[in-house]
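Numbering (UniProt numbering), first residue to last: 1 to 104.
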């Protein structure tokens, strides 16, 4: 599910969004990581940055890349020693938000 605000950016600024998405693709293709690994890294970065919307988006993308719910939970849990237990619990709830919608 693509958020309405992202779709609106596409309609308001199509050339900008095309460039933005091309930049993202080039970054993904610049190294040896698989699509699955990139998806997990992007989720971890979103969690560490405290970006709820990005974490939701990257959970969805990770599932599309073949990651399992257990993979997503593990990314959240493994963040605890770095970002702290309460912050990890917040991130875990973001993973749950997506998984609940995905499973229904």
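Just so you know, even glycine gets a beta-carbon here, dropped at the ideal spot from N, CA and C.
Euclidean distance between Cα positions of residue i and residue j
i: residue 100; j: residue 59; result: 12 Å
i: residue 75; j: residue 43; result: 8 Å
i: residue 10; j: residue 57; result: 16 Å
Simplified DSSP assignment, three categories, for residue i
i: residue 79; result: coil
i: residue 65; result: coil
i: residue 54; result: helix
Best match in the options for proximity to residue i [C-alpha to C-alpha]
i: residue 84; options: 13, 21, 49, 19; result: 49
Buried or exposed by the 16-neighbour rule on C-beta atoms within 10 Å, applied to residue i
i: residue 55; result: buried
i: residue 30; result: exposed
* Would you call the stretch 26 to 40 and the stretch 64 to 81 touching, i.e. three or more CB-CB distances under 8 Å? -> yes
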